[in-house]
Each structure stands twice: as C-alpha cells, then as structure tokens.
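Asks: Handing you a structure now.
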Amino acid sequence: MWVVTIDGPAGAGKSTVARRLAERLGWQLLDTGAMYRAVAYAGIRAEIDLEDESAWGDLVLRLIVELPPGRVVLDGEDVTAVIRSVEVTRSTRHAADSPSVRKRLVDCQRAFAKDVRNVVTEGRDQGTIVFPDAFRKFFLTATDEERARRRHDEFTARGETIAYDSVLSDLKDRDARDEARAIAPMRPAPDAKVIDSTGIDLDVLVASIEADVRHALLETTGRVAH
Ligand code: DC
757 MWVVTIDGPA GAGKSTVARR LAERLGWQLL DTGAMYRAVA YAGIRAEIDL EDESAWGDLV
817 LRLIVELPPG RVVLDGEDVT AVIRSVEVTR STRHAADSPS VRKRLVDCQR AFAKDVRNVV
877 TEGRDQGTIV FPDAFRKFFL TATDEERARR RHDEFTARGE TIAYDSVLSD LKDRDARDEA
937 RAIAPMRPAP DAKVIDSTGI DLDVLVASIE ADVRHALLET TGRVAH
C-alpha cells in the first residue's frame, strides 16, 4: 500500500494538487474534507443540534458516504455540489470538531486506503493522525489573502455571491479552529515537506511533487510508478 498525504489549510491548493497528482500517478484520490462536509450536510438536513456531540455520534453511525471518482454520495444521493455551498462550508467545523465523527471517518479513510492500495489523500490530519507511516507527506500553505481569493473565485464560479472580506474572515476563523482543535489539530507532520504555493503555478507544483514521489518510489522499490 502506497500513501501520499497532502495536508494544509483551506485554499492552499490541496484539492487541485491532490487530484492532478493522483491522475498522473494513476492512483486513487481520497478527499477527506468532502467526507466531513457530507456529514455536516447530513447534520443540517436532519436538523440535529450542531453543538450536540451525542447527536453527531448517532448520526454518523447511520450514514453511508461513498466517494466514486469525482463525486460524493450520501446515502445514495449525489451531494457533490451542495457540500461546497457557503452554508455547508460554514457548518462543517461542527462535524470536524466531533470526536465521534472523526473516529468514524478516520476508520473509513484507513479502510479506503487498504482497499484501493495506492492513494493520494488530502485533508488536515492525514500525515499526522490517519497515515503516520505514509510514504511521502506534503503540507501546502499560501498567504491568507491568496487562499481567500481562490476560495472567493470558487464560490463566484458556483454562482454564490459572498464578499471577499467575508471569505477571508471565515477562512481565518476556520484555520484558527482547525489549528486549536483538541483532537487532530491541523499541523505539518514532522516528516512532511512544507510548500508555500503563493504565486506558484499549480501545474508546476504538481510536476515537482510528482517528480519527488516518483524519485522516492524508484529509490525504495527500484521500479518506476506506472
Ligand atoms: O478541505 P475542505 O475545505 O474541504 O475541508 C472542510 C472542513 O473539514 C474544514 O473545516 C476542515 C475539516 N477537515 C478536517 O477537520 N479534517 C480533514 N482531514 C479534512 C477536513
């Protein structure tokens, strides 16, 4: 089993880099943020008290989240688009702060990797908690302003109107919470390569990460990844 982890804050380029890297290596992609978003959406839909840990515990045991390539399916319903809305983005912290949700999703993430064998996984805690023995680990960052600009462009492309300043303050708020969380706080693993993607063309970044992974694979196995 080969696992490459890509962690980092919102808007640092993780999703794009992880998706393209997985395509280029011919490996599976695991978007763990999408899993937390899907659970948050389920919580909103079920109208649970988002501050109630036991409600999250009950809910998460009953859910089935599937990740077919490029899609997120919750209990048979395609939720790929709706989980990217401003509302779900704002509420996801409640799901991400819940120990029951985290435990269940971490189990699912490990099972996914075991099943598919070769995986590029992205999130906040992939290199630290979920896959501490991952083959290669990367932690992407970028300035707050660049990350907020990328997120603002994404919302605009989806047809959602939200002020840039509001995206920036939401993003800073989320970073602070993700970093301060008691379980699985967002931070680079000691053996992660930290990369600042500010002003870097993401295609160039993907190519350099791919070269790094292929080089490491060659050193380890003597074989080039197919
Ligand atoms: O990467 P993203 O924006 O899709 O993540 C959505 C939220 O889920 C974000 O608030 C951080 C949280 N998250 C997490 O706590 N742990 C992960 N492994 C992935 C995401």
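Take the position in the sequence shown, starting the count at 1, then add 756; the result is the number in the working numbering.
The beta carbon of each residue, even a glycine, is placed where N, CA and C say it ideally should be.
#1: Looking at the secondary structure, which residues open and close the beta strand (DSSP E) in which Val760 lies?
#2: Where does Glu833 fall in DSSP's three states?
#3: Could you give the first and the last residue of the continuous beta strand (DSSP E) run that contains Ala878?
#4: Does DSSP put Thr954 in a helix, in a strand, or in coil?
#5: Whole angstroms is fine: what's the gap from Ile956's alpha carbon to Asp834's?
#6: Between Leu958 and Ala768, how many whole angstroms is the CB-CB distance? I'm expecting something under 8 Å.
#7: Mind checking which residues open and close the alpha helix (DSSP H) that includes Asp931?
#8: Using beta-carbon positions only, say whether Met791 and Val760 come within less than 7 Å of one another.
#9: Check whether the Cβ atoms of Arg780 and Ile839 sit closer than 7 Å, and answer yes or no.
#10: With DSSP collapsed to three states, give me the class of Phe894.
#11: Just checking Thr788 against the ligand DC - is the residue's beta carbon closer than 6 Å to any of the ligand's heavy atoms?
#12: Starting from Leu817, follow the beta strand (DSSP E) in both directions and report where the run begins and ends.
#13: Thinking C-alpha only, which one of Ala869, Ala867, Arg914 is nearest Thr836?
#14: Suppose the cutoff is 7 Å on Cβ atoms and the five residues either side in sequence are ignored; what does the same chain contact list for Gly879 look like?
#15: By Cβ distance, which residues of its chain are closer than 7 Å to Ile939, with the 5 residues on each side in sequence left out?
Replies: Concretely, from the data shown:
#1: Note, Val760: beta strand (DSSP E), 758-763.
#2: Strand, per DSSP.
#3: Note that residue 878 corresponds to Glu in the displayed sequence, not to Ala. Start and end: 874-879.
#4: Judged by DSSP in its simplified three-state form, Thr954 adopts coil rather than helix or strand.
#5: One C-alpha to the other measures close to 33 Å.
#6: Contact between Leu958 and Ala768 fails: their C-beta atoms lie close to 10 Å from each other, not under 8 Å.
#7: Element bounds for Asp931: 920-936.
#8: Note that the C-beta distance between Met791 and Val760 is not below 7 Å.
#9: Not a contact, by the Cβ cut-off of 7 Å.
#10: For Phe894, the secondary structure class from DSSP, reduced to helix, strand or coil, is strand.
#11: In this structure, the C-beta of Thr788 approaches the ligand DC to less than 6 Å from one of its heavy atoms.
#12: Where Leu817 is concerned, there is no enclosing beta strand (DSSP E), although the alpha helix (DSSP H) it sits in stretches over 809-818.
#13: Ranking the options by Cα distance to Thr836, first place goes to Arg914.
#14: So the list reads Asp763, Thr788, Gly789, once near-sequence residues are dropped.
#15: The beta carbon of Ile939 lies closer than 7 Å to those of Pro855, Arg858 in the same chain, with the five residues before and after it left out.
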